[in-house]
Amino acid sequence: MATSGDAEAYAETYTETPSGAAKKLRPARTNATRQKLFEASMELIGERGVAGVTVDEIAAAAGVSKGTVYYNFGSKSDLIAQLLRHGADILLARLLSVGDDTADPLAAMDEMIGQAMDFMDEYPSFARLWVSENWRTPSEWQDTFTELRGRLLTVVGAAIDAVAAVYPVDPGVSRGSLETAIFGACFVVGLDRQTYNPERTREQSVTAIMASMRGYVVKQPPLGDDYSHGPHG
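Taking the working numbering, the leading residue of the sequence shown gets 128, the next gets one more, and so forth.
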């Protein structure tokens, strides 16, 4: 049975509209509880892996009841799927936080990769879960990974297109392969830094990942060029 705190956390306030229909006002508490479940799950999964963690342990670590977890997510598998979505949404928001008004699209890409490194540093267990399960065949969450991967790659691809709209680029490089390489490198380099090379700086990691992007550019315009007026010859 859910505690009063759980009930408050998941409560949604409703008010009557003039027509008598109930209007939802406050779903935000659900998101706050989901964040607590996400952080608790990532810590436990980072220690023991998905198979070694129970719903009871996740609920206890998040400060909610097991019944509350099952009521809102249905099963452990559904819980993990929703937590994957929640983590991907956090990463997506950080990537999209990079303003599109940056004069140099290469600088914007650099900043975007930096945001990804910050996410990997904050949630290394999510990165490990993503890497370990994303290429597992078959994976219990294959459909979820396919959807989330597509959403994230779309953002990376748009950043690559922004570079190609301003800089001359190598036509022999597949855009799809490049966006996958950059996306995958963010996870691998981020995890490698966490696990084996903690002395490596954020800037060093970003520079290494950006090497593939800078190699995509055939010839960079000289310093002082206005990057906002289209392709440079």
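Where a beta carbon is used, it is the ideal one built from N, C-alpha and C, also for glycine.
Buried versus exposed call for residue i [16 or more other C-beta atoms within 10 Å across all chains shown]
| i | result |
| --- | --- |
| S202 | exposed |
| S204 | exposed |
| T264 | exposed |
| Y175 | The question names Tyr, but residue 175 in the sequence shown is Arg. Label assigned to R175: exposed. |
| N199 | buried |
| Y323 | exposed |
| W268 | buried |
| V315 | exposed |
| E330 | exposed |
| T334 | exposed |
Alpha-carbon to alpha-carbon, residue j and residue i
| i | j | result |
| --- | --- | --- |
| S301 | E274 | 21 angstroms |
| I336 | G194 | 44 angstroms |
| G226 | V177 | 36 angstroms |
| G284 | P298 | 15 angstroms |
| P110 | D248 | Missing from the structure shown is residue 110; the chain here goes from 128 to 360 and no further. |
| G173 | F165 | 12 angstroms |
| C313 | E184 | 30 angstroms |
| T281 | V344 | 20 angstroms |
| E260 | S266 | 6 angstroms |
| M169 | Y250 | 7 angstroms |
| A167 | D216 | 17 angstroms |
In DSSP terms, what residue i is bridged to
| i | result |
| --- | --- |
| V191 | Answer is none; V191 lacks a bridge partner. |
| V296 | V344 |
Rounded distance between the beta-carbons of residue j and residue i, thought under 8 angstroms
| i | j | result |
| --- | --- | --- |
| V258 | L318 | 7 angstroms |
| L279 | F246 | About 11 angstroms separates the two Cβ atoms, so there is no contact after all. |
| L211 | T271 | 5 angstroms |
**OP:** Report yes or no: do three or more beta-carbon pairs, one from the segment 234-248 and one from the segment 156-172, lie closer than 8 angstroms?
**Re:** With fewer than three CB-CB distances shorter than 8 angstroms, the segment 234-248 does not count as touching the segment 156-172.
Original post:
Taking one C-beta from the segment 188-196 and one from the segment 218-226 each time, how about it: are there three or more such pairs within less than 8 angstroms?
Top reply: With a cut-off of 8 angstroms, the segment 218-226 and the segment 188-196 do not count as touching, because too few Cβ pairs lie within range.
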